[in-house]
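Chemist: Have a look at this one.
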Amino acid sequence: MAFGKGHHLHLVDGSAFIFRAYHALPPLTRKSDGMPIGAVSGFVNMIWKMIEDNKGPDAPTHAAVVFDKGSHTFRNDLYDAYKANRDEMPEDLRPQIPLTREATRAFNLACLEQEGFEADDIIATLACRAREAGGRCTIISSDKDLMQLVGGGVEMFDAMKNTRIDDEGVRAKFGVGPDRVVDVQALAGDSTDNVPGAPGIGIKTAATLINEFGSLDELLERAHEVPQPKRRQTLIEKADQIRLSKQLVQLDCDMALDYDLDSLEVREPVTQELLDFLTQMEFRTMTKRVSDALGIEAPVIRDQTDDGAAPREEAEQVAFPESYTWVKDTDALKDWIARAHARGYVAIDTETTSLNEMQALLVGVSLCIEPGEACYIPLGHKENAEADLFATDALSDGQIPFDEAMGLLKPLFEDPSVLKILQNAKYDCKVLARLGVQVAPVDDTMLMSYAMNGGLHGHGMDTLSERYLGHSPIPIKELIGTGKSQVTFDKVEIAKAVNYAAEDADVTLRLWHLFKPQLHRSHVTTVYETLERPLIPVLARMEMAGVKVDRNVLSRMSGAFEQKMAGLEDQIRELAGEDFKVSSPKQLGEILFDKLGLPGGKKTKTGAYQTGADILEDLATEHELPGLVLDWRQVSKLKSTYTDALQDHIDPETGRVHTSYSIAGANTGRLASTEPNLQNIPIRTEEGRRIREAFVAPEGRTLVALDYSQIELRILAHIAGIGELKQAFKDGQDIHALTASEMFNVPLDQMTPEIRRQAKAINFGVIYGISGFGLARNLRIPRDEAQGFIDRYFERFPGIRDYMDETVKFAKEHGFVQTLFGRRINTPEINAKGPGAGFAKRAAINAPIQGTAADVIRRAMIRMEDAIADLPATMLLQVHDELLFEVDQGAEDDLVKAAREVMEGASLPAVDLSVPLEVDAGQGATWAEAH
DNA sequence: GTACTCACG
DNA sequence: GACGTACGTGAGTACG
762 MAFGKGHHLH LVDGSAFIFR AYHALPPLTR KSDGMPIGAV SGFVNMIWKM
812 IEDNKGPDAP THAAVVFDKG SHTFRNDLYD AYKANRDEMP EDLRPQIPLT
862 REATRAFNLA CLEQEGFEAD DIIATLACRA REAGGRCTII SSDKDLMQLV
912 GGGVEMFDAM KNTRIDDEGV RAKFGVGPDR VVDVQALAGD STDNVPGAPG
962 IGIKTAATLI NEFGSLDELL ERAHEVPQPK RRQTLIEKAD QIRLSKQLVQ
1012 LDCDMALDYD LDSLEVREPV TQELLDFLTQ MEFRTMTKRV SDALGIEAPV
1062 IRDQTDDGAA PREEAEQVAF PESYTWVKDT DALKDWIARA HARGYVAIDT
1112 ETTSLNEMQA LLVGVSLCIE PGEACYIPLG HKENAEADLF ATDALSDGQI
1162 PFDEAMGLLK PLFEDPSVLK ILQNAKYDCK VLARLGVQVA PVDDTMLMSY
1212 AMNGGLHGHG MDTLSERYLG HSPIPIKELI GTGKSQVTFD KVEIAKAVNY
1262 AAEDADVTLR LWHLFKPQLH RSHVTTVYET LERPLIPVLA RMEMAGVKVD
1312 RNVLSRMSGA FEQKMAGLED QIRELAGEDF KVSSPKQLGE ILFDKLGLPG
1362 GKKTKTGAYQ TGADILEDLA TEHELPGLVL DWRQVSKLKS TYTDALQDHI
1412 DPETGRVHTS YSIAGANTGR LASTEPNLQN IPIRTEEGRR IREAFVAPEG
1462 RTLVALDYSQ IELRILAHIA GIGELKQAFK DGQDIHALTA SEMFNVPLDQ
1512 MTPEIRRQAK AINFGVIYGI SGFGLARNLR IPRDEAQGFI DRYFERFPGI
1562 RDYMDETVKF AKEHGFVQTL FGRRINTPEI NAKGPGAGFA KRAAINAPIQ
1612 GTAADVIRRA MIRMEDAIAD LPATMLLQVH DELLFEVDQG AEDDLVKAAR
1662 EVMEGASLPA VDLSVPLEVD AGQGATWAEA H
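Its first residue numbered 762, the first sequence is counted upward by one per residue in the working numbering.
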């Protein structure tokens, strides 16, 4: 039967429900995976209540829930500022939107939305059709924009206040009947939707005017008759704006819809579908309520969860237990593994013999299923632990045979349906990967903290535990000792190891429960999911691959350096007239300034003379000795830090050097390379650069290096919107020469290297948060001259100064700055007083630029593995703006092509830079040649 | 453990 | 008006 007299249509303003539910409820999360579901929970409750309340004689015969879709509607075409003042949707709400659609369908209610239209227009069209058909319509909403629809069988119902709004209700609100609501709104405007209206006229005045003149058209036509001069002037001057406002508030009652009223007939919910949805959301209370109403038994939701419970982090903390479980046999282990499978997540931690993942042997594994409930599975503890003298290789009792235990653990660790939660996951993943176990999927509490709290504090387990759990874990030193008497973990008595190791897993799980919902609220879920988490396996593989280093090349260089140093030391002693340690800044300072009486002895804050390279360079004009010390220092540095130390890092098994990247080390998002640091291998001086000749490709392979050209300056040009710089990058011009030309009014064809050098220093200075002092020191020119350069630069590129001012302002207001990809860098010192303020300011200016560049190369690295999967190539190293690969001879060009494409497009699709990213490539048998 | 110096982007 | 400053790292050495 077609919709008509006697039928009653209910239209629910679904989008309004969602926002109301979101703001009314605390940020609840689904227990199993931390998914935010507060708004979904509230939404479901509201829908359920509505259904229950509307049973009886006046029950709806037809119903639908209507949603907004798309942010751009025809109203934006009329007026681009429409709803422009709306805040971005909160990050923890966004993923819930699709779930509200699912919820609607689960209730077997029609779920209506149409691209480019607001829910209001769909509601208007349907309400009008219902009225025309002679039926009734109730709009469940309190949105005043919908009040224009009331009348002729159409009413509204405010679900929160539980009141009906009819003709009378509209008059009470607007002072006019529903047919004139639009006129009043057009005059009064609406600040929440950014509808301008007539300035100075609110609802009260608007209603008076409309009632007096009859309609808006009439009023505007006879505006000159309005007695109040100010009001009259406004109406005459702003007539166009008022007419536009009317178009904006006028709902479209004649939308082309893909469905008719008849298709909205009320259907009973399909019990199974509804309960499936509710259990999937882990809404225990609602599941029970619905089951009771339907007279069936409620399905069991694993892991008791109450959707009305307090948010996780406010829940009472379970105390840390005195002791944990020692898993001694396979039955006990199987039981723990089964519990982890049932739970769907498990916190794990490994104990090993070394901090170096490449050499570390697995000694034990701990698991934690819920706070306070953790176990340790010892696997490699040695007998006679404490008595070194009698230590044997025999394993002590109470341990499952290694292979048997790993055979049971491996399926759990590799199960895609069980989330593994770790602190600094890369470490454990590498140790386990060497045993043939590929741990996935993984969450990392260290990286969660880094994404949220970068810049505030470190992200080690002890720091996090003390700060966020108020609990100091057992220090490792209590087990293995310190210094000379330190032992490896396999020598630790199992009974002691259990409580230490299991506690770490317990702490990790508790941190995860705390952090997971916070990620959404801190708006860094995307950063964590796209820039942190996926990097773990990529870096793990790079580190395990390592880079081949030729020991012979290094040791030859070491010998040469040693001789050179000895020669320099002789000369230095001669000039000083006495023997002293050249490597001691303290002794050197005394020789230079006290004994030889050289000028300009500046003291450090500890009272010692400064003997840095810049000071010695100045002194080199006065005396021969400082120059010799500089030479000595350079050689000494090369020998001790590179040619000697690097040899110690060659892995005896692989013959390669395996660095470790810390993902959460640098505040800006950059990686940091340690043990050894391969991101500071010399290149600037000819002698230092030769160290790179020791980094070689193995037989049949080639090293290929690709690096971003001027990436930070390009990002600055984009962020600050400097048209000239952007154009120069697009045209492939020499950016420093162009800057020089603009600043000093020198045509490009008359550019001298000296002027270009100065411009280059300024460009870099800008990235660092330029100061007259810093530039003066760098260029070795007087301060006022440097300041003059800076003034001229800002005059020429005012956008840069604007960027700096805005960034500092943002930091002061919010306590953090952001990269283009949303990475947050906290700036806790930004409002400090004293000299620290300057530091924090410059760091805040630099962070978005350096950080965005770091994000770009992270994105490239994450995509790189797939992009080169078909090539015989391996990604080995990252040096901030450079990636080093090893590839079979013959495939070099294919690699360059594929890798370049990934790197140049790495910002897309998230960020479409207005400058091109360019990548330079080189190749050769050694890193020196490849660069 | 801290200070200083110096290698890199 | 004086003061003190380029941004981000890791590591080796001296010294208390």
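Ideal Cβ positions, reconstructed from N, Cα and C, are used throughout, including at glycine.
Taking all protein chains shown into account, do 16 or more other C-beta atoms lie within 10 angstroms of the C-beta of P1543, making it buried, or fewer, making it exposed?
Modeler: Exposed is the call here.
Chemist: So who's on the other strand from R1462, going by DSSP bridges?
Modeler: BP columns for R1462 point to D1649.
Chemist: Could you check what DSSP says for E1074 in three-state terms: helix, strand or coil?
Modeler: Note that E1074 scores 42 on pLDDT, short of 50, meaning its location in the model is unreliable; the coordinates nonetheless yield the value given after this. In the structure shown, E1074 sits in a helix (DSSP, three-state: H, G or I).
Chemist: Who are the Cβ neighbours of E1034 in its own chain at under 7 angstroms, not counting the five residues just before and after it?
Modeler: These residues qualify, in order along the chain: A867.
Chemist: Thinking just about the alpha-carbon of each residue, which of L1315, P1387, E1304 and A1489 is nearest to the one in L1432?
Modeler: With distances taken between Cα atoms, L1432 lies closest to E1304.
Chemist: Could you tell me if L772 is buried or exposed, where buried requires 16 or more neighbouring beta carbons within 10 angstroms of its beta carbon?
Modeler: Per the 10 Å Cβ criterion, buried.
Chemist: Look at the Cβ atom of D1037, then the Cβ atom of V1124, and state whether they are nearer than 8 angstroms.
Modeler: Their beta carbons are not under 8 angstroms apart, which means D1037 does not touch V1124 by this criterion.
Chemist: By alpha-carbon positions, which one of K1049, G767, I1606 and E879 ends up nearest to G914?
Modeler: Of the candidates K1049, G767, I1606 and E879, the one whose C-alpha sits nearest the C-alpha of G914 is G767.
Chemist: Along the chain, where does the alpha helix (DSSP H) containing S1052 start, and where does it finish?
Modeler: Element bounds for S1052: R1045 to L1055.
Chemist: Exposed or buried, which one is S1421 when buried takes at least 16 other CB atoms within 10 Å?
Modeler: When all chains shown are included, S1421 counts as buried.
Chemist: May I ask you to report which of helix, strand or coil DSSP gives K1366?
Modeler: Note: K1366 maps to coil in three-state DSSP.
Chemist: Which runs of the alpha helix (DSSP H) at least 4 residues long sit entirely within the region 930–1011? Give them in chain order.
Modeler: Here the runs fully enclosed are 942–949, 964–974, 977–982, 990–998 and 1000–1010.
Chemist: Quickly, what does DSSP pair R1585 with across the bridge? List them, please.
Modeler: According to DSSP, R1585 bridges with Q1579.
Chemist: Quick check on this structure: which residue in I1496, G1583 and K991 has the alpha carbon closest to the alpha carbon of A959?
Modeler: Among I1496, G1583 and K991, the Cα nearest to that of A959 belongs to K991.
Chemist: DSSP puts G1694 in a beta bridge; with which residues?
Modeler: Lying before the first or after the last residue shown, residue 1694 is absent from the chain, which here runs from 762 to 1692.
Chemist: Report the rounded CA-to-CA distance for A1306 versus L1300, giving the unit in angstroms.
Modeler: Between A1306 and L1300, the C-alpha separation is close to 10 angstroms.
Chemist: Between the region 1656–1670 and the region 1621–1634, are three or more C-beta pairs nearer than 8 angstroms?
Modeler: Contact holds: three or more Cβ-Cβ distances are below 8 angstroms.
Chemist: Any idea which residues DSSP pairs T1687 with across the strands?
Modeler: Its beta-bridge partners are V1457.
Chemist: Return the chain-ordered list of same chain residues with a C-beta closer than 7 angstroms to the C-beta of E1454, the five sequence neighbours on each side being excluded.
Modeler: So the list reads V1314, T1687 and A1689, once near-sequence residues are dropped.
Chemist: If the criterion is Cβ atoms closer than 8 angstroms, does the pair E879 and D829 meet it?
Modeler: Yes, Cβ-Cβ distance for E879 and D829 is below 8 angstroms.
Chemist: Should T1048 be labelled buried (16 or more other beta-carbon atoms within 10 Å of its own) or exposed?
Modeler: So T1048 ends up on the buried side.
Chemist: So, with DSSP's three-state summary, where would you put L1637?
Modeler: Note: L1637 maps to strand in three-state DSSP.
Chemist: Contact check, R1661 vs L1467 under 8 angstroms by CB: the rounded distance?
Modeler: Correct: roughly 6 angstroms between the Cβ atoms.
Chemist: Quick check on DSSP: helix, strand or coil for V1079?
Modeler: Looking at V1079 - three-state DSSP - the assignment turns out to be coil, as it is neither helix nor strand.
Chemist: Is the beta carbon of D1409 closer than 8 angstroms to that of H1419?
Modeler: Cβ atoms of H1419 and D1409: not closer than 8 angstroms.
Chemist: D1267 to P1236, Cα distance in whole Å?
Modeler: The alpha-carbon atoms of D1267 and P1236 are separated by roughly 15 angstroms.
Chemist: Looking at C-alpha atoms only, which residue of I1480, A1498, N846 and N1506 is the closest neighbour of V1672?
Modeler: Here the closest residue by C-alpha is I1480.
Chemist: Any idea what DSSP makes of V1676, helix, strand or coil?
Modeler: DSSP places V1676 in coil when its eight states are reduced to three.
Chemist: Looking only at its own chain, which residues have a Cβ that is under 8 angstroms from the Cβ of K1364, when we skip the five neighbours before and after it?
Modeler: The answer, listed in chain order, is Y1370 and Q1371.
Chemist: Please report how far the alpha carbon of G1350 lies from the alpha carbon of A1321, in whole angstroms.
Modeler: Near 28 angstroms, if we compare the C-alpha coordinates of A1321 and G1350.
Chemist: Alpha carbons only, please: which of K1342, D1096, E1083 and K1594 is nearest the one belonging to L1170?
Modeler: Selected option, being the one with the closest Cα: D1096.
Chemist: Which class does S1106 belong to by DSSP, given the choice of helix, strand or coil?
Modeler: With the sequence shown as reference, residue 1106 is identified as Tyr, and Ser is not the correct amino acid for it. The answer is strand: DSSP assigns Y1106 an E or B state.
Chemist: At a cut of 8 angstroms, does the region 1172–1185 reach the region 1195–1208 through at least three beta carbon pairs?
Modeler: Touching, per the Cβ criterion.
Chemist: May I ask you to report which of helix, strand or coil DSSP gives L1196?
Modeler: Coil, per DSSP.
Chemist: Report all residues from its chain with a CB closer than 7 angstroms to the CB of L1377; omit the five preceding and five following residues, and keep chain order.
Modeler: The answer, listed in chain order, is P1387, V1390 and L1391.
Chemist: Who are D1468's beta bridge partners in DSSP?
Modeler: DSSP lists E1643 and D1681 as partners of D1468.
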